[in-house]
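Per the numbering used here, the sequence shown starts with residue 41, numbered consecutively.
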Amino acid sequence: FDIMIPGAGQGAFSNGCSAQFQGFSTGDFDCDTRYGGCTERSGCDRLPAELQDACRWRYDWYHWLENKGKTNNPYVDFRRVRCPTQLTELSGSVAEDDELFPKVEGAELRL
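#1: Do you know how far the Cα of Gly83 is from the Cα of Cys71?
#2: Rounding to the nearest angstrom, what Cα-Cα distance links Ser131 and Glu145 in this structure?
#3: Is it buried or exposed for Pro46, if we count other Cβ within 10 angstroms and need 16 for buried?
#4: So is Arg119 buried or exposed if we call it buried at 16+ other beta carbons inside 10 Å?
#5: Which value, in whole angstroms, describes the spacing of the CA atoms of Gln60 and Ala89?
#6: Asn55 to Asp68, Cα distance in whole Å?
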């Protein structure tokens with residue numbers, strides 16, 4: 041389970057960010073560390089301004105790599121649910137088997 045966070049490493053897909061944000065090198069988006077990304081908060085300064093707050097979130101809220109690295113690729117519990125109406129109304133798309141899964145709305149979305 042991966043959460044795509046600015047500055048957290050681009051992995052095998054390293055050409056999208058530099059194509060979208062002209063004037064930045066591929067290494068600017070992950071502190072030259074493709075797998076794992078920036079290891080210090082200050083590395084977020086290399087990213088475009090509009091991505092820096094999300095990068096800093098890793099350190100300030102998510103506590104990147106604390107507790108012996110357990111926040112890197114976190115453990116999650118998940119279950120499939122019916123797609124929320126907020127999304128299906130925007131997209132106009134509903135999975136053919138959506139009715140087979142429980143409907144979860146509002147505060148119920150939190151596990």
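Where is the CB? At the ideal position from N, CA and C, for every residue including glycine.
On a predicted model such as this, the values are computed, not experimentally measured, just so you know.
Let's see:
#1: In the sequence shown, the residue the question calls residue 71 occupies position 31. In the sequence shown, the residue the question calls residue 83 occupies position 43. Going from the Cα of Cys71 to the Cα of Gly83 covers about 6 Å.
#2: Here residue 131 refers to the residue found at position 91 when the sequence shown is read from its first residue. Here residue 145 refers to the residue found at position 105 when the sequence shown is read from its first residue. The straight-line gap from Cα to Cα measures roughly 17 Å.
#3: Counting from one through the sequence shown, the residue named residue 46 turns up at place 6. Flag for Pro46 reads buried.
#4: For the purposes of this step, residue 119 is taken as the residue at position 79 of the sequence shown. With fewer than 16 Cβ atoms within 10 Å of its Cβ, Arg119 is classed as exposed.
#5: Here residue 60 refers to the residue found at position 20 of the sequence shown. Here residue 89 refers to the residue found at position 49 of the sequence shown. Roughly 13 Å between the two C-alpha positions.
#6: What you label residue 55 is simply residue 15 of the sequence shown in a count that begins at 1. What you label residue 68 is simply residue 28 of the sequence shown in a count that begins at 1. Straight-line Cα distance between these residues: approximately 12 Å.
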